[in-house]
Amino acid sequence: MSYWREPLEVDGVLEGSWGSWAIEIKTGSLAAADLKGLSRFGRRYPRFRSLVLCDDEARPVVERAGLEAMAWGDFLLRGPPARARTPMTVVDDTGFAKKGHALGRPAG
Numbered sequence: 218m219s220y221w222r223e224p225l226e227v228d229g230v231l232e233g234s235w236g237s238w239a240i241e242i243k244t245g246s247l248a249a250a251d252l253k254g255l256s257r258f259g260r261r262y263p264r265f266r267s268l269v270l271c272d273d274e275a276r277p278v279v280e281r282a283g284l285e286a287m288a289w290g291d292f293l294l295r296g297p298p299a300r301a302r303t304p305m306t307v308v309d310d311t312g313f314a315k316k317g318h319a320l321g322r323p324a325g
């Protein structure tokens with residue numbers, strides 16, 4: 218996990234088997250102006266997908282800003298959204314790699 222600090226900032230940067238993510242965590246009320254740092258980061262570093270962890274009430278604001286939203290509780294339990302997960306190699310109990318799996322689930 219890394220942090221990006223500039224006048225406009227994001228809460229965290231996550232890189233791993235789920236891909237590369239720029240994360241903004243919001244609780245309570247949310248305005249489009251609160252998402253400027255995440256939007257700017259996404260333009261500057263396009264390989265990172267932007268994700269806002271928020272309550273359901275804030276989701277429309279996030280989506281109007283053209284960003285992806287997810288409930289923070291779901292993120293803690295499941296990780297980033299499934300459709301953005303990158304394939305990874307899963308090793309079975311015999312030590313052989315199974316190809317075509319994404320985080321232990323069959324791809325597709």
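Take 218 as the starting number for the sequence shown in my numbering and just add one per residue.
Just so you know, even glycine gets a beta-carbon here, dropped at the ideal spot from N, CA and C.
In terms of Cα proximity to Arg295, the closest of Glu226, Ser267, Trp235 and Arg257 is Trp235. Comparing alpha carbon positions, the residue from Glu274, Pro263 and Gly290 closest to Ser246 is Glu274. Residue Arg264 holds the alpha-carbon nearest to the alpha-carbon of Trp238 among Val279, Arg264 and Ala249.
For Arg264, there is no enclosing beta strand (DSSP E), as DSSP marks it with neither H nor E. Beta-bridge partners of Glu285 (DSSP): Leu268. Take Val227, set aside five residues on each side of it, and the residues of its chain with a beta-carbon closer than 7 Å to its own are Trp221, Ala239, Ile240, Glu241, Gly254, Leu255 and Phe258, in chain order.
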